[in-house]
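Enquirer:
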Amino acid sequence: MKNRRDFLRKMAGLTTAIMVPLPWTSGCNTRIDTDRLGELLPKRLLGKTGRKVTMLGLGGYHIGWTTEYEAQVTIEAALQGGIRFFDNAESYGPHTSEIRYGKYLTPQYRDLVFLMTKTTARDAKTAQEHLEASLKRMKTDYVDLWQVHALSSPEDVDERISNGILDVMQEAKANGKARHIGFTGHENPYAHVSMLDRTADNDIFETVQMPINPVDAGNKDSFIGEVIEKAHSRKFGILAMKTLAAGRFFPETIIAKEKVWESEDPVIPARLALKEVLNFAWSLPVSVLITGAENRSLIEEKITMAKDFSKLSESQRMDLIDKVEDISLKGDVEYYKNV
0 MKNRRDFLRK MAGLTTAIMV PLPWTSGCNT RIDTDRLGEL LPKRLLGKTG
50 RKVTMLGLGG YHIGWTTEYE AQVTIEAALQ GGIRFFDNAE SYGPHTSEIR
100 YGKYLTPQYR DLVFLMTKTT ARDAKTAQEH LEASLKRMKT DYVDLWQVHA
150 LSSPEDVDER ISNGILDVMQ EAKANGKARH IGFTGHENPY AHVSMLDRTA
200 DNDIFETVQM PINPVDAGNK DSFIGEVIEK AHSRKFGILA MKTLAAGRFF
250 PETIIAKEKV WESEDPVIPA RLALKEVLNF AWSLPVSVLI TGAENRSLIE
300 EKITMAKDFS KLSESQRMDL IDKVEDISLK GDVEYYKNV
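In structure tokens form, the structure reads like this:
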């Protein structure tokens with residue numbers, strides 16, 4: 000616990016450093032950052048990419064399994080609410096999420112958004128095929144960010160590197176089909192550590208995506224504890240996912256009308272409030288919190304919380320971790336980990 004306190008204390012200054020000050024309107028005290036759709040959510044620096052991105056992003060996974068109507072109105076609500084970061088992956092649906100971005104996002108709004116997708120490929124040929132198909136489905140000539148997706152172990156990292164994945168990623172960046180490149184994973188923080196170590200000499204990656212929430216922080220195999228400081232020291236943009244443990248913070252989780260989780264002792268609201276959990280992630284040096292939302296009300300709820308964000312102190316963050324430490328040790332909430 001002492002090590003965690005020391006670590007989280009150091010995080011406070013790092014978070015402030017990536018928050019982008021908003022411009023002020025002339026002659027008044029109203030902050031404003033706008034584009035042709037209206038006011039944007041606050042932005043943060045995406046590490047060494049130099050790009051400034053909205054602190055909240057729309058996740059692509061839910062866009063793929065919800066109804067066609069809900070997918071469209073959720074994308075539109077995200078845009079109207081000031082979100083300009085849109086996550087996706089070729090495996091979501093599969094392919095449905097990218098097809099829906101190609102229908103409802105890129106035709107009118109490509110110039111406004113930071114668009115990301117990912118590949119689960121384990122060899123160079125498949126990765127190249129995934130990229131070309133993703134661009135076609137999303138009706139764009141390039142993505143702002145392309146990531147190696149779902150690293151599962153250090154051995155998985157070794158296999159993908161041996162099979163030429165990094166060469167394809169670098170080529171995509173060189174030819175402009177991917178402006179930036181990174182990697183993701185939710186199963187094993189040591190896979191992330193391995194990829195960081197394996198690429199330390201050429202440092203080709205610019206972003207890393209991983210679970211960030213109070214339950215993870217209390218786990219001995221923690222992405223927060225093992226990865227964030229190392230990635231930030233290399234000036235990576237850090238993308239938070241599973242901030243609600245893929246819905247398992249709630250009493251029940253329903254995906255595509257099927258109940259996949261039920262708990263008599265949920266994190267929310269029995270232990271923590273939703274706003275506390277999101278503010279916990281935003282209080283770390285996270286560039287974007289990527290949230291899954293299958294309907295308008297869910298994304299609008301998160302937009303309101305982003306606008307109202309107030310950074311938590313060290314003691315507040317530790318208090319949240321303490322409240323769910325026993326849940327962290329049980330491990331069933333973070334079902335996606337394989338450590």
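Sequential numbering from 0 applies to the sequence shown in numbering that gives the first Met the number 0. By construction, the Cβ of each residue, glycine as well, lies at the ideal position given by its N, Cα and C atoms.
#1: Is it right to say residue 328 is buried, meaning 16 or more other beta carbons lie within 10 angstroms of its own, or is it exposed?
#2: Which partner residues does residue 43 have in the DSSP bridge list?
#3: Under DSSP, the beta strand (DSSP E) around residue 253 begins and ends at which residues?
#4: Kindly give me the distance between the Cβ atoms of residue 184 and residue 209, rounded to whole angstroms, as I take these residues to be in contact under 8 Å.
#5: Which of helix, strand or coil does DSSP assign to residue 150?
#6: Can you give me the Cβ contacts of residue 86 inside the same chain, cut-off strictly under 7 Å, excluding the 5 residues immediately before and after it?
#7: Give me, in chain order, the residues of the same chain whose beta-carbon lies closer than 8 Å to that of residue 15; leave out the 5 immediate sequence neighbours on both sides.
#8: Would residue 234 pass as a contact of residue 47 if the rule is Cβ separation under 9 Å?
#9: Flag residue 203 as yes if its beta-carbon sits less than 9 Å from any beta-carbon of chain B, otherwise no.
#10: Within this structure, are the beta carbons of residue 266 and residue 326 separated by less than 9 Å?
#11: Evaluate contact between the region 122 to 135 and the region 297 to 309, counting only Cβ atoms and requiring at least three cross-stretch pairs below 8 Å.
#12: Check whether the Cβ atoms of residue 304 and residue 283 lie closer than 9 Å to each other.
#13: For residue 131, is the classification buried or exposed, using 16 other Cβ atoms within 10 angstroms of its Cβ as the cut-off for buried?
#14: Classify residue 185 as helix, strand or coil using the three-state DSSP reduction.
#15: Check residue 38 in the structure and name its three-state DSSP category.
Expert: A quick look at the data gives this:
#1: With fewer than 16 Cβ atoms within 10 Å of its Cβ, residue 328 is classed as exposed.
#2: BP columns for residue 43 point to 18 and 52.
#3: 251 to 254 is the span of the beta strand (DSSP E), which, as asked, contains residue 253.
#4: Confirmed, about 6 Å.
#5: Correct three-state label for residue 150: coil.
#6: Short of 7 Å from the beta carbon of residue 86, and not among the five residues preceding or following it, lie these beta carbons of its own chain, in chain order: 56, 57, 58, 59, 115 and 289.
#7: The residues 310, in chain order, have a CB closer than 8 Å to that of residue 15 in the same chain once the five nearest residues on each side in sequence are set aside.
#8: Taking 9 Å as the Cβ cut-off, residue 234 and residue 47 qualify as a contacting pair.
#9: Looking for chain B here will not work: only one protein chain is present.
#10: Contact flag set, yes.
#11: Between the region 122 to 135 and the region 297 to 309, the count of C-beta pairs closer than 8 Å stays below three; the two stretches do not touch.
#12: The Cβ atoms of residue 304 and residue 283 lie no closer than 9 Å to each other.
#13: Burial state of residue 131 is exposed, judged by a 10 Å Cβ sphere holding fewer than 16 other Cβ atoms.
#14: Residue 185 falls in the coil class under three-state DSSP.
#15: Of the three classes helix, strand and coil, the one that applies to residue 38 here is strand, per DSSP.
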